[in-house]
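Read the structure below first, then the notes.
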Amino acid sequence: MAQNDTETQASTTTAKLSLPTLTTMVVGSMVGAGVFSLPSRFAQETGVAGALIAWLVAGTGMLMLAFVFQNLAVRRPDLDAGVYAYAKAGFGEYLGFFSAFGYWASACVGNVTYWVLIMSTIGTLAPALGEGDTVLAVVLSSAGLWLFFALISRGVKEAAAINRIVTVAKVVPIVFFVILALFYLKPSVFADNFGGADYAGSLFQQVKGTMLATVFVFLGVEGASVYSRHARRREDVGRATVLGFLSVFAIFASVTIVSYGIMPMSEIAELRQPSMAGVLEHAVGTWGKVFVSVGLIVSVLGAYLAWTLMAAEVLFVAAKDDDMPRFLKRSTAADVPVPALVMSTLLSQVFLVVTLFSDDAFTFALDLTSALTLIPFLLAAAFAVRVGVRGELVVAVLATLYTAFLIYAAGLKFVLVSFIVYAPATVLFVMARREQGRRPCSPREFVILAVSVAGAVLGIVALAVGWISL
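317 is the number of the first residue of the sequence shown in our numbering; add one for each residue after it.
Structure, rendered in structure tokens:
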């Protein structure tokens, strides 16, 4: 009874989010660690021509997904926490649960990339931190995790206000980087990088190799739909989604393309993260590296704040819909789902430790973050196909095809690792079912469970015998 009173109090006292605030939260979610890693991440895979095509494909595909979330926000205003709710409404409770868990896990792993990148940045001055993957780096990152937990526990309203300030602060150095790089761009270097280096492979392979990186930087495009229950007006959810996407697309593409005019792509590919700092250092000297590094720390901390809130929100709403155990739907008078926040911080903590065993901690966490979101995105797009009308249906089909291509581009390695993460999560689903006095799963759900467990077992075997590695 006390819990219900708390939830009622939270819902009546928490201020609703306006269109500018929702848009800022989307931009804040999207502008994070990924953009500062783009130069080397792209240069490892492709030249200028491949990069231009990759951004055209990714931009079009993600815009279709943005339109999907916009259309669904208007067509199905009864569904909160969009990504999860759409999968459940379209394909049943178990796949809805998988979507919620996958999206949540993706957010938690994504938060790990932020701490790895911060420690890698500071590591240029403190070698003991390495590239964010040493024991000392993990210990300091863990302290940061729990300090932010304490901050966010104070309330969604306070955290959102901080995020608005940080979003503005972190966009400035990125735009400054693009402008400076344009002034120092060398046409001859740009031309040499156009077709790609010998190691890049065919144009198709170049484009395919960059897809997970583009997914990572565009994560957050669905951010407004996750916060739909907080929106002042339902139509603002869709508007914020599209406005947020359009606000950052040009910035992301520009960061990548102008870098090809500063250094040979083979040298960009070898830069330590954050590679944006290395590119600017090459152009203007040490002060450029320092400037980008400071901007990165501000940017990443802001993105971490936004994504921690988003992760907890997904678990909270899933629990309120009885698809997660009841303890996850408890919240404070300030509307903070503390148990969900604890779970999110704990999972990030686990993956921070896992980075100690990875060959490339940042790239592994980045790619796994992207891979874990693909099933939730695919289910949301497929749901839009089911409920779409003429005009909207074309957008939904294109979004579905694009997301399916991303799963193909991710490759077998990350599909199997995703199964390793997904399969054990069924324990939470079974707990929720037992709390309701229902059987653990239906025959149809059992088939899905069997597939996920088989994929997880295959993934573990592949890691054990060396077919794939972290």
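The C-beta atom is built at its ideal place from N, Cα and C for all residues, glycine as well.
Across the structure, PHE499 and VAL610 are spaced so that their CA atoms are roughly 22 angstroms apart. The C-alpha of VAL505 lies about 49 angstroms from the C-alpha of VAL703.
DSSP places LYS636 inside the alpha helix (DSSP H), whose first and last residues are 602-636. In the displayed model, SER785 falls within coil according to three-state DSSP, outside both helix and strand. With 16 or more other CB atoms across the displayed protein chains lying within 10 angstroms of its CB, ILE468 is buried. When the alpha-carbon of PHE607 is set against those of GLY406, VAL487, LEU728, the nearest one is in VAL487. In terms of CA proximity to ALA715, VAL384 leads the group VAL384, ILE369, ALA687. Across the set ALA739, ILE784, ASP449, GLN521, the C-alpha of ALA739 shows the shortest separation from the C-alpha of PHE413. Pairing SER664 with ASN427 gives a Cβ-Cβ distance under 8 angstroms.
Fewer than three pairs of CB atoms, one per stretch, sit closer than 8 angstroms, so the region 744-752 makes no contact with the region 717-729. If you draw a 10 Å sphere on the C-beta of TRP431, you find 16 or more other C-beta atoms in it, and that means buried. The beta carbon of CYS424 sits closer than 7 angstroms to those of ALA627, SER660, LEU663, SER664, PHE667, all from its chain and outside the five residues before and after it, given in chain order. For SER660, the enclosing alpha helix (DSSP H) covers residues 654-670. Separation of the CB atoms of SER422 and THR685 is rounded to 5 angstroms, and the pair is thereby assigned contact status at 8 angstroms.
By the CB criterion at 8 angstroms, MET592 and ALA374 fall outside the cutoff. In the DSSP assignment, LYS729 falls within the alpha helix (DSSP H) that extends over 708-738. Per DSSP, reduced to three states, the secondary structure at THR440 is coil, with no helix or strand assignment. Listed in chain order, the non-local C-beta contacts of LEU519 below 6 angstroms within the same chain comprise GLY366, local neighbours out to five positions each way being set aside. Judged by beta-carbon spacing, GLY406 lies beyond the 8 angstroms limit of GLN522, meaning their Cβ atoms are not closer than that value.
For PHE678, the secondary structure class from DSSP, reduced to helix, strand or coil, is helix. Excluding its 5 nearest sequence neighbours in each direction, MET380 has C-beta neighbours in its own chain below 7 angstroms: VAL711, LEU714, ALA715, TYR718, listed in chain order. Judged by DSSP in its simplified three-state form, ALA649 adopts coil rather than helix or strand. GLY604 and ALA444 have their C-alpha atoms some 23 angstroms from each other.
The C-beta of LYS645 has 16 or more other C-beta atoms within 10 Å across all chains shown, which makes the residue buried.
SER758 counts as exposed, since fewer than 16 other beta carbons sit within 10 angstroms of its beta carbon. The Cβ-Cβ distance between GLY775 and LEU709 does not fall below 8 angstroms.
With a minimum length of 4 residues, the unbroken runs of alpha helix (DSSP H) contained wholly in the region 499-540 fall at 503-508, 519-534. For LEU587, the closest of GLY350, VAL351, GLN360 by C-alpha to C-alpha distance is GLN360. Taking all protein chains shown into account, THR671 has 16 or more neighbouring C-beta atoms within 10 Å of its C-beta and is therefore buried. By the C-beta criterion, the region 452-462 is judged to be in contact with the region 432-441, since at least 3 inter-stretch pairs fall below 8 angstroms. With fewer than 16 other Cβ atoms from the protein chains shown falling within 10 Å of its own Cβ, LEU441 counts as exposed. Rounded to whole angstroms, VAL564 and LEU617 show a C-alpha spacing of 18 angstroms. Annotation: ALA696 to VAL351 spans about 25 angstroms, alpha carbon to alpha carbon. At the C-beta level, ALA382 and TYR400 stay beyond 8 angstroms of one another. Per DSSP, reduced to three states, the secondary structure at ILE776 is helical.
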